[in-house]
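In the working numbering, each residue's number is its place in the sequence shown (first place is 1) plus 1.
Cβ coordinates follow ideal geometry from the N, Cα and C atoms, glycine included.
Below is one structure, written out as structure tokens, with a few remarks after it.
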Amino acid sequence: MGMDLTVDSSVDAVAQAFVRARRDAQALSLYPGVAPSALDTAYAIQDRAIHIDGRDVIGWKVGRIMPPLDEDLGANRLAGPIFADHVVDSQPSDVPDMPVFDGGFAAGEAELLLHVAPGFSGVVPTDDDGTRAILDDVRLGIEVASSPYPGINIDGPPVTISDFGNNAGMVRGATLTGWREADLCAIVVRSEIDGVEVGKATAATMLDGPYGAVRFLLGNLLQRGFDVTQGLWVSTGAITGVHEIAPGQSFRAIFEGCGEVNCRVVAAQPR
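Written out as structure tokens, the structure reads:
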């Protein structure tokens, strides 16, 4: 958990509203307060919401900030928490139900999931070999992105960050066989919704790749005061794109020559 810093009333109001909307599975037609325009305010809202929510964070999603906003904001990636109770382990033949916010935003994303081993010293690696050395698992996966607020992505990265980075869950598939020797950026990945291909790409298109996403995240969390020594999952970014999806539809992530991960999205219920 990050440091419990004193926050101003506008930050607290937005954080409270998003946590309440997620708990109640209630869509928000408007942004619930003053929308952040800078990263520090956006992460202040996210940190406050994590504290209010109180659930265990098992990992973090990483997303890309596209040009020209990356220069304007001073970062080319963003992060958001993944809560333990929204992570599902899945075999290739499984199609688990994953909740999304009906009336809000929802998408499926094919991603590689990298696990930072417990005992990380706090010194962020500077290259892929050093990053690989602090990992103990790589899985095939799906990030389920969803927010009660339908404009979560349209309104820009600070707004995305403010509601848990637009994360609603993670489907954790099989371990990537031979991942220590594999070129993660050479794996061809395809995404399908209800059996129709909606994207095809490799992680080579994603800045400095999955290992770069890990380095970004560790630096981001350390700067925000989080303890990263206990191990954490990193959902390293949407390889084929952010594919909007609706309750009742199925998403399939195919990692050619390596395996696949599936899920069906359903309307979230109050908790």
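Please report the distance separating the alpha-carbon of V20 from that of A50.
Residue 20 sits at position 19 when you count from the first residue of the sequence shown. Residue 50 sits at position 49 when you count from the first residue of the sequence shown. Roughly 6 Å separates the two Cα atoms.
So, are the CB atoms of E1 and E144 less than 8 Å apart?
The displayed coordinates of the chain run from 2 to 272. Any statement about residue 1 would go beyond what the structure contains.
Are S236 and V96 close, meaning C-beta to C-beta below 8 Å?
Position 235 of the sequence shown, counted from the start, is the residue given in the question as residue 236. Position 95 of the sequence shown, counted from the start, is the residue given in the question as residue 96. Going by C-beta atoms, S236 is not nearer than 8 Å to V96.
Chain-order list of residues whose beta-carbon lies under 8 Å from that of I246 (same chain, five-residue window excluded)
If you number the sequence shown from 1, residue 246 lands on position 245. Excluding positions up to five away in sequence, the list reads V101, A107, A108, G109, I194, F252, V266.
If you follow the beta strand (DSSP E) that D1 is in, where does it begin and where does it stop?
Because the chain in this structure spans residues 2 to 272, residue 1 falls outside the shown range and cannot be described.
Per DSSP, S11 forms a beta bridge with which residues?
The residue labelled residue 11 in the question sits at position 10 within the sequence shown. The partner list for S11 (beta bridge, DSSP) is empty, contrary to what the question assumes.
Just how far apart, CA to CA, sit T178 and Y212?
Position 177 of the sequence shown, counting from 1, holds the residue named residue 178. Position 211 of the sequence shown, counting from 1, holds the residue named residue 212. Distance between the alpha carbons of T178 and Y212: 17 Å.
Where does A43 land, buried or exposed, given buried means 16+ other C-beta within 10 angstroms?
The residue labelled residue 43 in the question sits at position 42 within the sequence shown. A43 should be labelled buried.
Hey, how far is the Cα of I155 from the Cα of P37?
Residue numbering aside, residue 155 sits at position 154 when the sequence shown is read from its first letter. Residue numbering aside, residue 37 sits at position 36 when the sequence shown is read from its first letter. Cα-Cα distance, rounded: 13 Å.
Closer than 7 Å by C-beta to A76: which residues in its own chain qualify, once you throw out the five before and the five after it? Chain order, please.
If you number the sequence shown from 1, residue 76 lands on position 75. So the qualifying residues of the chain are L40, I66.
Residues near D13 in its chain [Cβ-Cβ closer than 8 Å; skip 5 each side]
The residue given as residue 13 occupies position 12 in the sequence shown. Hits under 8 Å: R49.
Only counting runs of 4 or more residues, tell me where the alpha helix (DSSP H) segments fall wholly within the region 13-62, in order along the chain.
40-54
Note the first and the last residue of the continuous alpha helix (DSSP H) segment covering R225.
Here the question's residue 225 lines up with position 224 in the sequence shown. That run of the alpha helix (DSSP H) goes 210-225.
Cβ shell of F286 (< 6 Å), same chain only, five flanking positions each side left out:
The shown model of the chain, from 2 to 272, leaves out residue 286, and the question about it has no answer.
Quick one: what's R253 bridged to in DSSP?
Position 252 of the sequence shown holds residue 253. BP columns for R253 point to E193, N263.
So who's on the other strand from G109, going by DSSP bridges?
Taking the sequence shown and counting its residues from 1, the one referred to as residue 109 is at position 108. Bridge partners of G109: V145, H244.
Would you call the region 212-231 and the region 120-128 in contact, with 3 or more CB pairs under 8 Å?
yes
Run through DSSP, which three-state label would V89 get?
Residue numbering aside, residue 89 sits at position 88 when the sequence shown is read from its first letter. Reduced to three states, the DSSP call for V89 is strand.
What span of residues does the beta strand (DSSP E) with I162 cover, start to end?
Along the sequence shown, read from residue 1 onward, the residue named residue 162 stands at position 161. From DSSP, I162 is part of no beta strand (DSSP E) but of the alpha helix (DSSP H) over 158-163.
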